[in-house]
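In our numbering, the protein residues as written are 1074 to 1316. The beta-carbon is built from N, C-alpha and C at its ideal position, and this holds for glycine as well. Computed from a predicted structure; not experimentally measured. Just below is one structure, and these are the notes that go with it.
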Amino acid sequence: MNQAITDFIQSKSISLNSQMAYGYDLQQFLDSVKGDINPQSLLLYQQSLLELTVAAQRRKLSAVNQFLYFLYEKKQLNHYYKLQPLAEVTSFKKPLQQEDLSLLFAESPWKDGQLIALLASQLGLTPREMAGLTTAEVQLDFQVLTVVRCQSKRVLSLPKAILPYLEGHLSGVYLFDKKGRTYSRQWFFNRLTEYIQSIGKPDWTAHKLREQYILGQLEQGRTLDQIAKQLGLKSSASLEQYR
């Protein structure tokens, strides 16, 4: 598939800088889908772009869509997929409103998916942040959790309600531990999907649950700047839609 990127770029009359930009975006895309292009992997890729501005999403998806069409024309794909920015799609929906999240605290056999949902809705964590959490960074005695990302560190207070759900995940190196290694984003997507379907809320994606955290913080009187800091964002620009 890497050769397909080279062939695609060579088929276009573009500058060297544009070639490098296309190459970077498409390599990032292939790394995300792990070379397996299907509706589920494409949705996971789209969700990975949600922290970007709509303009940035459009730029990356433009490159990906051209590449997908190239693969389809070359008969390397049996179906032509065309992706749209998820943020753009949701902007036409009714105004965001808080959901009743009490379902998330009910007893469930889907322990991993339930904890993923709780961390997203109660702390605003992304699956990528969850994947990197070590058990040493979860301190139940002090009710704090430390998130390390891109050489930055933030310490979050743990709501008492989620402490019991964390206790059963502290036996390995990572909070979600795969014999001392981390799980893939696909694994997080699958576990959350299993869980939210089991409670009859298939639209409660990781992104939607994170939105619920933001709405809850606004309800408590937090400013967008304060919420951006809690989420580890460099600015509150991407949160303006919640104002």
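Handout entry: CB-CB length for LEU1122 against ASN1138, believed under 8 Å
Key = The sequence position of residue 1122 within the sequence shown is 49, counting from 1. The sequence position of residue 1138 within the sequence shown is 65, counting from 1. Not really, about 13 Å apart at Cβ, beyond 8 Å.
Problem - Alpha-carbon spacing of SER1308 relative to LEU1174, whole angstroms - result: Locating residue 1308 in the sequence shown gives position 235, counting from the first residue. Locating residue 1174 in the sequence shown gives position 101, counting from the first residue. Cα-Cα distance, rounded: 27 Å.
Exercise for the section: Tell me the start and end of each unbroken alpha helix (DSSP H) in the segment 1188-1261 that is at least 4 residues and wholly inside, in chain order. Expected result: 1200-1205 and 1236-1240
Exercise for the section: Quick one: using the 10 Å Cβ neighbour count with 16 as the cut-off for buried, is LYS1133 buried or exposed? Expected result: For the purposes of this step, residue 1133 is identified with residue 60 of the sequence shown, where counting begins at 1. Answer is buried; the Cβ neighbour count reaches 16.
Practice task
Can you grab the Cα-Cα spacing for the pair LEU1141 / LYS1233, in whole Å?
Solution key: By 1-based counting over the sequence shown, the position of residue 1141 is 68. By 1-based counting over the sequence shown, the position of residue 1233 is 160. Whole-angstrom Cα-Cα distance: 46 Å.
Exercise for the section: Output yes or no for whether 8 Å exceeds the beta carbon distance between ARG1258 and PRO1200. Expected result: The residue labelled residue 1258 in the question sits at position 185 within the sequence shown. The residue labelled residue 1200 in the question sits at position 127 within the sequence shown. Yes. Within cutoff.
Handout entry: Beta-carbon spacing of SER1225, GLY1305 below 8 Å
Key = What you label residue 1225 is simply residue 152 of the sequence shown in a count that begins at 1. What you label residue 1305 is simply residue 232 of the sequence shown in a count that begins at 1. Yes, the Cβ-Cβ distance between SER1225 and GLY1305 is below 8 Å.
Practice task
Out of LEU1248, LEU1150, THR1079 and VAL1228, state which residue places its alpha-carbon closest to the alpha-carbon of PHE1215.
Solution key: Within the sequence shown, the letter at position 142 stands for residue 1215. Out of LEU1248, LEU1150, THR1079 and VAL1228, VAL1228 has the C-alpha closest to the C-alpha of PHE1215.
Handout entry: Sequence-distant residues of the same chain with beta carbon closer than 6 Å to LEU1198, five excluded per side
Key = Position 125 of the sequence shown, counted from the first residue, corresponds to residue 1198. Contacts found: LEU1192.
Exercise for the section: Would you grab the beta carbon distance between GLY1205 and ARG1264 for me? Rounded to a whole angstrom, and I think it's under 8 Å. Expected result: Stepping through the sequence shown from its first residue, residue 1205 is reached at position 132. Stepping through the sequence shown from its first residue, residue 1264 is reached at position 191. The pair is not a contact, with the Cβ atoms about 16 Å apart (cut-off 8 Å).
Practice task
For my contact list, LEU1282 and ALA1190 are in at a C-beta cut-off of 8 Å; report their separation, rounded to the angstrom.
Solution key: Here residue 1282 refers to the residue found at position 209 when the sequence shown is read from its first residue. Here residue 1190 refers to the residue found at position 117 when the sequence shown is read from its first residue. With 8 Å as the limit, LEU1282 and ALA1190 qualify as a contact, their Cβ atoms being about 6 Å apart.
Problem - Outcome for PRO1158 when other beta-carbon atoms lying within 10 angstroms are tallied against a minimum of 16 - result: To locate residue 1158, count along the sequence shown from 1; it is residue 85. Answer is buried; the Cβ neighbour count reaches 16.
Handout entry: ILE1272 versus TYR1256: straight-line alpha-carbon distance, rounded
Key = Your numbering for residue 1272 matches position 199 in the sequence shown. Your numbering for residue 1256 matches position 183 in the sequence shown. Roughly 23 Å between the two C-alpha positions.
Handout entry: Cβ separation of GLU1292 and GLN1171, assumed to be a contact under 8 Å, to the nearest whole Å
Key = Here residue 1292 corresponds to residue number 219 of the sequence shown, with the count starting at 1. Here residue 1171 corresponds to residue number 98 of the sequence shown, with the count starting at 1. At roughly 7 Å, the Cβ-Cβ gap stays under 8 Å, so GLU1292 and GLN1171 are in contact.
Handout entry: C-alpha gap between GLN1083 and ALA1279, whole angstroms
Key = Position 10 of the sequence shown holds residue 1083. Position 206 of the sequence shown holds residue 1279. Roughly 37 Å separates the two Cα atoms.
Problem - Counted within 10 angstroms of its Cβ, other Cβ atoms place THR1126 as buried (16 or more) or exposed - result: As a first step, residue 1126 is located in the sequence shown; it is residue number 53 there, counting from the start. Per the 10 Å Cβ criterion, exposed.
Exercise for the section: Keeping to the same chain, check which residues put their C-beta closer than 6 Å to that of PHE1249; ignore five residues upstream and five downstream. Expected result: The residue labelled residue 1249 in the question sits at position 176 within the sequence shown. Correct list, in chain order: TYR1256.
Handout entry: Reduced DSSP category for ASN1138 - H, G, I as helix; E, B as strand; rest coil
Key = For this step, residue 1138 is matched to residue 65 along the sequence shown. Note: ASN1138 maps to helix in three-state DSSP.
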